[in-house]
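Colleague: Residue numbers (full-length UniProt numbering), protein chains in the order written: chain A, 1 to 494; chain B, 1 to 494.
Beta carbons: idealized from backbone N, C-alpha and C, even for Gly.
1. Helix, strand or coil: which one does DSSP assign to residue 339 of chain A?
2. Is any beta-carbon of chain A found at less than 7 Å from that of residue 194 of chain B?
3. Which two residues bound the contiguous beta strand (DSSP E) that contains residue 496 of chain B?
4. So the candidates are A:344, A:310 and A:421; which of them puts its Cα closest to the Cα of residue 495 of chain B?
5. When you compare only the Cα positions, how much space is there between residue 451 of chain A and residue 407 of chain A?
6. Can you list, in chain order, the residues of its chain with a C-beta nearer than 6 Å to that of residue 341 of chain A? Leave out the 5 residues immediately preceding and following it.
7. Roughly how many angstroms separate the alpha carbons of residue 443 of chain A and residue 73 of chain A, rounded to a whole number?
8. Would you please verify whether the beta carbon of residue 434 of chain A is less than 7 Å from any beta carbon of chain B?
9. So the beta strand (DSSP E) residue 147 of chain B belongs to, where does it begin and stop?
10. For chain B, check one thing: does any of its Cβ atoms lie closer than 7 Å to the Cβ of residue 167 of chain A?
11. When you measure from the CB of residue 235 of chain A to every non-hydrogen atom of the ligand PLP, does any distance come out below 6 Å?
12. Kindly list the residues whose CB is nearer than 6 Å to the CB of residue 318 of chain A, restricted to its own chain and excluding five residues on each side of it in sequence; keep chain order.
13. When DSSP labels each residue in this structure, what does residue 18 of chain A get in the three-state scheme?
14. Give me the chain B residues within the contact set of residue 459 of chain A, using Cβ-Cβ distance strictly less than 8 Å, ordered along the chain.
15. Give the DSSP-derived three-state secondary structure of residue 108 of chain B in the structure shown.
16. Please report how far the alpha carbon of residue 374 of chain A lies from the alpha carbon of residue 306 of chain A, in whole angstroms.
17. What number of angstroms, rounded off, separates the C-alpha of residue 93 of chain A from the C-alpha of residue 69 of chain A?
18. Please report the straight-line C-alpha distance between residue 415 of chain B and residue 134 of chain A, rounded to a whole angstrom.
19. Return helix, strand or coil for residue 55 of chain B, following the three-state DSSP convention.
20. Counting Cβ pairs, one atom from each stretch, are 3 or more of them under 8 Å apart for the segment 411-431 of chain B and the segment 27-37 of chain B?
21. Take the Cβ of residue 10 of chain B as the centre, count every other Cβ of all protein chains shown within 10 Å, and call the residue buried at 16 or more, exposed below.
22. Listing by chain order, which chain A residues have their CB less than 7 Å from the CB of residue 26 of chain B?
23. Compute the Euclidean distance between the alpha carbons of residue 120 of chain B and residue 181 of chain A, then round it to the nearest angstrom.
24. Would you mind telling me which residues of chain B sit closer than 8 Å to residue 88 of chain A, beta carbon to beta carbon, in chain order?
25. Which residues in chain B have a C-beta closer than 7 Å to the C-beta of residue 187 of chain A? List them in chain order.
26. Only counting the same chain, and skipping five residues up and downstream in sequence, which positions put a Cβ closer than 6 Å to that of residue 424 of chain B?
27. If you draw a straight line from the C-alpha of residue 300 of chain B to the C-alpha of residue 262 of chain B, how long is it?
28. If you compare alpha carbons, which of A:147, A:61 and A:128 is closest to residue 354 of chain A?
29. Does the segment 231-247 of chain A come within contact of the segment 170-179 of chain A, defined as at least 3 CB pairs closer than 8 Å?
30. Can you pull the DSSP bridge partners for residue 261 of chain A?
31. Compare the beta carbon distance of residue 402 of chain B and residue 183 of chain B with 7 Å and say whether it is the shorter of the two.
32. Determine the DSSP secondary structure at residue 426 of chain B, reduced to helix, strand or coil.
33. At least one CB of chain C closer than 7 Å to the CB of residue 372 of chain A: is that the case?
34. Taking the alpha carbon of residue 350 of chain A as the reference point, which residue from A:131, A:35, A:21 and A:13 has its own alpha carbon closest?
35. Using CA atoms only, rank isn't needed, just tell me which of B:195, B:216, B:223 and B:65 is closest to residue 164 of chain B.
36. When the Cβ atoms of the segment 316-336 of chain A are set against those of the segment 147-154 of chain B, are three or more pairs found closer than 8 Å?
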């Protein structure tokens with residue numbers, strides 16, 4: 001009986017789609033940072049910095065952001081509904097949280113927060129989300145159109161699963177992009193159709209450029225089905241102007257493209273002259289209803305003021321699809337049975353937070369504003385610091401949680417990178433990490449330099465603005481010192 | 001500017017893979033039951049039964065199963081770590097839960113249970129799971145091989161994503177099957193290769209039958225990459241004998257098939273003469289190590305004594321894949337960033353529960369045994385009741401949470417079903433629901449009747465054993481009365 005492993009799985013026989021995508025925010029740099037951290041635990045003082053500063057991943061609570069008290073109290077009570085029957089609970093939880101938890105538990109199957117729910121999520125929680133959307137936009141939202149999801153990632157994957165039939169189906173995505181999009185499109189067997197954001201135009205979206213990309217894709221035989229727009233932008237930190245948003249809506253409507261609106265940073269806007277407007281609101285304001293345009297909006301509790309990444313809560317609102325399509329989407333959602341209940345609860349709380357008159361309103365608002373103001377301050381400090389460095393330019397961080405400065409590297413640095421077989425931005429990011437412990441993601445991780453991109457060859461890093469204000473103050477001199485010595489080393493050789 | 005929706009999404013232009021699979025546990029019968037429930041809310045007394053009894057979905061807590069106190073206390077504390085700093089907490093939580101929660105929180109990024117974790121899950125929780133597996137099997141388990149997941153469903157989807165390259169790749173699956181498998185194989189573009197379980201052999205697995213199916217598939221040009229085995233069985237309720245398990249291991253080893261071992265019902269075994277043995281343990285006991293056979297084992301907190309379905313916690317243990325393949329799997333896992341933290345915590349608690357000497361050990365064991373004994377009693381009562389009915393036979397429910405009786409329908413009933421354009425088992429299940437409010441899933445939902453199955457044309461229903469003992473006592477007379485009148489109606493016409 002000979003041993004036969006021919007059909008078994010190896011790097012050669014794995015699904016090749018898995019092999020061709022990359023996912024840099026959790027990739028090379030993250031792994032190198034973890035190795036350094038382990039090394040420093042074993043031999044403290046072995047590196048010229050006290051700790052690794054993880055600016056590679058948008059992970060607020062890992063960098064010290066405090067969770068919102070009201071959210072955690074409600075979650076804690078819903079996990080252990082027995083607490084709702086005990087008097088002592090009033091010593092540890094606010095009446096506000098107790099009331100909300102009671103209301104949530106009463107709407108749950110089995111009244112104990114451990115049963116499978118409807119695959120779209122618990123109806124009452126979807127009603128809370130829909131009412132939050134309606135209050136935000138001034139246009140109605142229906143609970144039937146809301147799918148609660150395990151974070152935005154699973155919602156985006158589900159959308160691609162529904163849309164993509166074959167490699168002949170294309171999806172327009174921005175460059176630089178959040179690499180979940182290319183990964184998901186590749187895994188679902190489709191073709192990404194990249195369009196370039198304009199760095200010179202504050203990372204805005206130029207319709208003539210998108211049109212050019214769409215037309216080229218059509219000439220190449222692709223059926224372009226949808227367009228991804230990330231607003232506020234990741235990795236770019238831009239907030240689109242309303243005029244720009246209106247142009248995009250008109251464009252998608254005219255071209256029959258489903259809008260996939262990544263709006264997970266809607267609560268992260270830091271500048272006075274820009275506000276967040278959902279694409280659905282912009283479309284409705286232009287007079288377009290469900291019959292005119294199809295829009296899927298993604299949101300999550302990972303960012304914003306909640307920063308509850310690990311909880312995997314989110315929603316998508318699907319407007320302008322027929323009932324039969326909605327039925328199919330529900331069926332696909334039911335294959336994984338339901339989104340996790342903790343994430344469902346959190347999403348309802350974030351979209352339907354305490355109101356004026358609720359006992360905990362003031363405290364909630366204070367915590368929320370503290371986080372927003374502090375992030376705004378950090379956004380400014382960090383982008384100014386980057387801009388002050390030789391050969392670096394950094395657009396204003398209007399929203400989201402990233403600075404995305406461009407670095408004009410000396411020719412010798414580019415040559416050295418080539419000699420090591422890495423991209424120049426990866427070369428810079430690795431040097432930065434080794435010298436300072438600051439982990440950032442090279443722009444190439446967002447495919448800034450790929451394809452026929454007119455910005456090909458430009459060099460960027462994405463750095464989150466998430467370390468606390470004190471930490472950022474410590475970080476900046478380390479960053480400056482490294483950058484100067486790096487530039488000196490390679491300028492002299494050029 | 002004409003409106004062009006040609007590329008937009010309709011039932012005709014949706015990904016056709018989405019359209020061809022069905023998922024009956026959340027399908028037709030479930031929707032009909034929900035409609036009835038809404039109707040009864042509006043007009044109470046409109047139906048000859050007091051409520052809908054949802055026996056269609058394995059959803060223990062929706063049917064009254066109580067969560068394990070220790071689990072919920074730990075979850076509640078981890079959600080609100082501020083409680084760990086308050087004295088009053090001791091009045092509401094056991095010291096045992098407080099200690100465990102403290103330990104968990106200390107091992108978390110940012111120490112507040114809201115940050116993204118490692119994509120495989122938090123290391124310390126994976127260590128707890130690995131130690132639980134080692135204690136269960138008597139063979140070592142490594143935290144590097146553990147992936148914490150959002151329930152077993154997402155783990156199964158991830159495995160299919162890794163394994164399936166094209167329609168030429170096949171995966172052996174049992175018939176009757178849990179329909180997640182066919183859905184996932186179809187969505188990932190592969191081909192399901194069904195093998196029949198033997199109803200006459202207590203739903204055991206006959207190697208010659210699997211071999212026949214494998215060979216036919218190979219002749220048809222398929223590369224069969226893996227074999228799914230569900231033990232204890234869903235929907236069949238069987239527990240495989242150790243001899244049968246050994247045969248299966250030898251077979252997969254010889255044929256170079258990856259074993260996909262669905263072991264989510266490992267804590268649901270009700271008969272003295274059968275025990276749960278993991279396939280990894282069976283393989284290791286036969287002397288086979290990672291170089292001999294590749295095994296992926298799926299487990300979750302949804303079933304067993306925890307019944308925490310809505311929490312979406314689970315793990316997969318991957319053994320016998322190379323480092324490069326493991327790297328690719330980690331990359332795919334990182335696209336959805338990380339499994340939800342509540343589910344991660346619960347999974348660690350279920351696999352590493354309180355031990356003798358821990359303050360809450362007795363209470364934990366009492367709760368656990370109560371649930372198991374009660375389920376064992378319900379399994380017996382329900383299968384006996386089914387077997388006592390005219391034309392029904394029901395194998396013993398040895399494990400899992402389902403009875404899967406076979407119904408020999410009168411010819412006139414089969415004719416009537418045909419006239420209505422539904423399968424005979426769907427016809428029976430609909431009649432049952434309308435008359436009694438009891439929702440079950442027809443056997444065809446598990447593809448019992450599909451393809452070249454020698455059992456094609458047999459008629460089954462799957463009924464969970466989850467309603468409480470009192471509820472089951474009420475259900476049985478309703479079931480009997482319906483069945484008698486159904487048989488009378490159609491026997492006389494035959």
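Modeller: By the coordinates alone:
1. Taking the first residue of the first chain as position 1, residue 339 of chain A is located at position 339. Here residue 339 of chain A sits in coil by DSSP.
2. Sequence index remark: in the second chain, residue 194 of chain B carries index 194 (1-based). It does not: the Cβ of residue 194 of chain B has no partner Cβ on chain A nearer than 7 Å.
3. No information on residue 496 of chain B is available, as it lies outside the stretch 1 to 494 that chain B covers here.
4. The question about residue 495 of chain B has no answer, for chain B in this structure spans 1 to 494.
5. Within the first chain, numbered from 1, the residue matching residue 451 of chain A stands at position 451. Within the first chain, numbered from 1, the residue matching residue 407 of chain A stands at position 407. Residue placement at residue 451 of chain A is flagged as unreliable, the pLDDT there being 44, under the threshold of 50; the coordinate-derived value follows with that caveat. Cα to Cα, the separation comes out at about 20 Å.
6. As a position in the first chain, residue 341 of chain A is number 341, starting the count at 1. Counting only Cβ-Cβ distances below 6 Å, and skipping sequence neighbours, we find 113.
7. The residue given as residue 443 of chain A occupies position 443 in the first chain. The residue given as residue 73 of chain A occupies position 73 in the first chain. Cα to Cα, residue 443 of chain A sits roughly 39 Å from residue 73 of chain A.
8. As a working note, residue 434 of chain A is residue 434 in the first chain. Not closer than 7 Å to any Cβ of chain B, the Cβ of residue 434 of chain A fails to qualify, so no.
9. Residue 147 of chain B sits at position 147 when you count from the first residue of the second chain. Residue 147 of chain B -> beta strand (DSSP E) spans 146-149.
10. Along the first chain, one-based indexing puts residue 167 of chain A at 167. By this cut-off, residue 167 of chain A is not an interface position.
11. By its list of ligands, the structure shown contains no ligand whatsoever, and the ligand PLP lies outside what it can speak to.
12. As a position in the first chain, residue 318 of chain A is number 318, starting the count at 1. Taken in chain order, the residues that qualify are 145 and 296.
13. Residue numbering aside, residue 18 of chain A sits at position 18 when the first chain is read from its first letter. In the structure shown, residue 18 of chain A sits in a helix (DSSP, three-state: H, G or I).
14. Here residue 459 of chain A refers to the residue found at position 459 when the first chain is read from its first residue. What residue 459 of chain A touches in chain B: nothing, since even the nearest Cβ is about 24 Å away.
15. Sequence index remark: in the second chain, residue 108 of chain B carries index 108 (1-based). Here residue 108 of chain B carries a coil assignment [DSSP, helix/strand/coil].
16. Counting from one through the first chain, the residue named residue 374 of chain A turns up at place 374. Counting from one through the first chain, the residue named residue 306 of chain A turns up at place 306. Using only the alpha carbons, I get a separation of about 14 Å.
17. Within the first chain, numbered from 1, the residue matching residue 93 of chain A stands at position 93. Within the first chain, numbered from 1, the residue matching residue 69 of chain A stands at position 69. Within the model, the alpha-carbon separation for residue 93 of chain A versus residue 69 of chain A is close to 10 Å.
18. Here residue 415 of chain B refers to the residue found at position 415 when the second chain is read from its first residue. Here residue 134 of chain A refers to the residue found at position 134 when the first chain is read from its first residue. Their Cα atoms are separated by approximately 51 Å.
19. For the purposes of this step, residue 55 of chain B is identified with residue 55 of the second chain, where counting begins at 1. The answer is coil: DSSP assigns residue 55 of chain B none of H, G, I, E or B.
20. Note that the segment 411-431 of chain B touches the segment 27-37 of chain B; at least 3 beta-carbon pairs, one per stretch, sit closer than 8 Å.
21. Walking along the second chain from the start, residue 10 of chain B turns up at place 10. Its Cβ having fewer than 16 others within 10 Å, residue 10 of chain B is exposed.
22. Locating residue 26 of chain B in the second chain gives position 26, where the first residue counts as 1. In chain order: 119 and 334.
23. In the second chain, counting from the first residue as 1, residue 120 of chain B sits at position 120. In the first chain, counting from the first residue as 1, residue 181 of chain A sits at position 181. One C-alpha to the other measures close to 21 Å.
24. In the first chain, counting from the first residue as 1, residue 88 of chain A sits at position 88. The contacting residues are 88, 91 and 92.
25. Position 187 of the first chain, counted from the first residue, corresponds to residue 187 of chain A. Listed along chain B, the residues sitting closer than 7 Å to residue 187 of chain A by beta-carbon distance are 161.
26. Looking up residue 424 of chain B in the second chain gives position 424. Cβ contact annotation for residue 424 of chain B (same chain, cutoff 6 Å, sequence separation greater than five): 409, 414, 417 and 459, in chain order.
27. Against the second chain, residue 300 of chain B aligns to sequence position 300. Against the second chain, residue 262 of chain B aligns to sequence position 262. For residue 300 of chain B and residue 262 of chain B, the distance between alpha carbons rounds to 10 Å.
28. For the purposes of this step, residue 354 of chain A is taken as residue 354 along the first chain, with counting starting at 1. The candidate whose alpha carbon is nearest that of residue 354 of chain A is A:128.
29. Segments in contact, yes.
30. Here residue 261 of chain A refers to the residue found at position 261 when the first chain is read from its first residue. Its beta-bridge partners are A:229 and A:297.
31. Taking the second chain and counting its residues from 1, one reaches residue 402 of chain B at position 402. Taking the second chain and counting its residues from 1, one reaches residue 183 of chain B at position 183. Taking 7 Å as the cut-off, the Cβ atoms of residue 402 of chain B and residue 183 of chain B do not count as close.
32. Counting from one through the second chain, the residue named residue 426 of chain B turns up at place 426. Residue state, collapsed to three classes: helix.
33. Protein chains A and B are contained in the structure displayed, whereas chain C is not.
34. In the first chain, residue 350 of chain A corresponds to position 350, counting from 1. When each option's Cα is compared against that of residue 350 of chain A, the closest is A:131.
35. To locate residue 164 of chain B, count along the second chain from 1; it is residue 164. Looking at the Cα atoms, B:223 is the closest of the given residues.
36. Result yes; three or more Cβ-Cβ pairs closer than 8 Å.
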